[in-house]
Amino acid sequence: MQVKSRHHLRADEIDDLETEIESRTGVELDGDTYEMVELGDEPFDVVLVDGDPDVVRFDAGPDADAEAFLTVQGANRHGPSAGVVTVDAGAISFVSDGADVMRPGIVEADDDVAEGDLVTIAEETHGKVLAIGRALVDGEEMPGDAGKVVDSIHHVGDDLFEFAV
Numbered sequence: 001m002q003v004k005s006r007h008h009l010r011a012d013e014i015d016d017l018e019t020e021i022e023s024r025t026g027v028e029l030d031g032d033t034y035e036m037v038e039l040g041d042e043p044f045d046v047v048l049v050d051g052d053p054d055v056v057r058f059d060a061g062p063d064a065d066a067e068a069f070l071t072v073q074g075a076n077r078h079g080p081s082a083g084v085v086t087v088d089a090g091a092i093s094f095v096s097d098g099a100d101v102m103r104p105g106i107v108e109a110d111d112d113v114a115e116g117d118l119v120t121i122a123e124e125t126h127g128k129v130l131a132i133g134r135a136l137v138d139g140e141e142m143p144g145d146a147g148k149v150v151d152s153i154h155h156v157g158d159d160l161f162e163f164a165v
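Its first residue numbered 1, the sequence shown is counted upward by one per residue in full-length UniProt numbering.
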């Protein structure tokens with residue numbers, strides 16, 4: 001990944017970021033420093049919170065603002081309470097390798113998740129976050145017998161997970 005620029009966020013940008021993360025994940029970020037790392041060759045940028053790559057800003061296209069969300073590391077560090085989809089042990093290896101999430105692997109999904117929302121995908125035994133994805137259906141429709149319900153967009157071991165400055 002090629003770093004295009006790095007700069008500290010202004011107080012108003014930090015407030016907006018903290019509000020967005022809390023509304024999407026239930027996590028109250030409380031960092032001392034927030035640094036935006038803009039990448040020239042990726043559809044996302046990274047926000048370092050006290051030096052840790054805890055937040056990602058996904059490019060939402062030319063007519064929309066970027067969407068801030070926790071990275072896999074950030075979600076494991078802060079423990080989201082909203083927007084969580086939980087998968088069973090049989091889905092762990094697939095989701096960890098970047099596979100989309102299928103209904104049969106889901107044991108629980110936040111009912112407040114709406115189609116199109118970003119979600120964290122956690123395993124049921126220890127609650128570890130394996131991936132970040134985009135919901136293809138509402139949360140209450142996720143458990144079931146067949147069909148893809150979450151597109152994986154960031155997972156353990158991908159370039160964003162391995163990101164280091």
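We put the CB at the ideal spot given by N, CA and C, even for glycine.
Spanning the alpha carbons of T25 and V119 requires a straight line of approximately 8 angstroms. Counting along the chain, the unbroken alpha helix (DSSP H) around F94 starts and ends at I92 to S96. Here T125 is exposed. Its C-beta has fewer than 16 other C-beta atoms within 10 Å.
In the DSSP assignment, R6 falls within the unbroken beta strand (DSSP E) covering V3 to H8.
Pairing F44 with P104, the inter-Cα distance amounts to about 30 angstroms.
Straight across, the Cα-Cα distance linking R6 with E123 is about 34 angstroms.
Residue pairing for T86: DSSP places it in a beta bridge opposite E108 and A122. Taking one beta carbon from each stretch, the stretch 14-32 and the stretch 50-59 have 3 or more pairs nearer than 8 angstroms; the two touch.
Around the beta carbon of A11, a 10 Å sphere encloses fewer than 16 other beta carbons of the protein chains shown; the residue is thus reported as exposed. For D111, the CB contacts under 7 angstroms within the same chain, skipping 5 residues up- and downstream, are G139 and E140 in chain order.
Apart from sequence neighbours up to five positions away, the residues of its chain that approach A75 with a beta-carbon distance below 6 angstroms are T120 and V129, ordered along the chain. Residues of the same chain with their beta carbon placed closer than 6 angstroms to that of D15 are lacking, with the five preceding and five following residues left out of the count.
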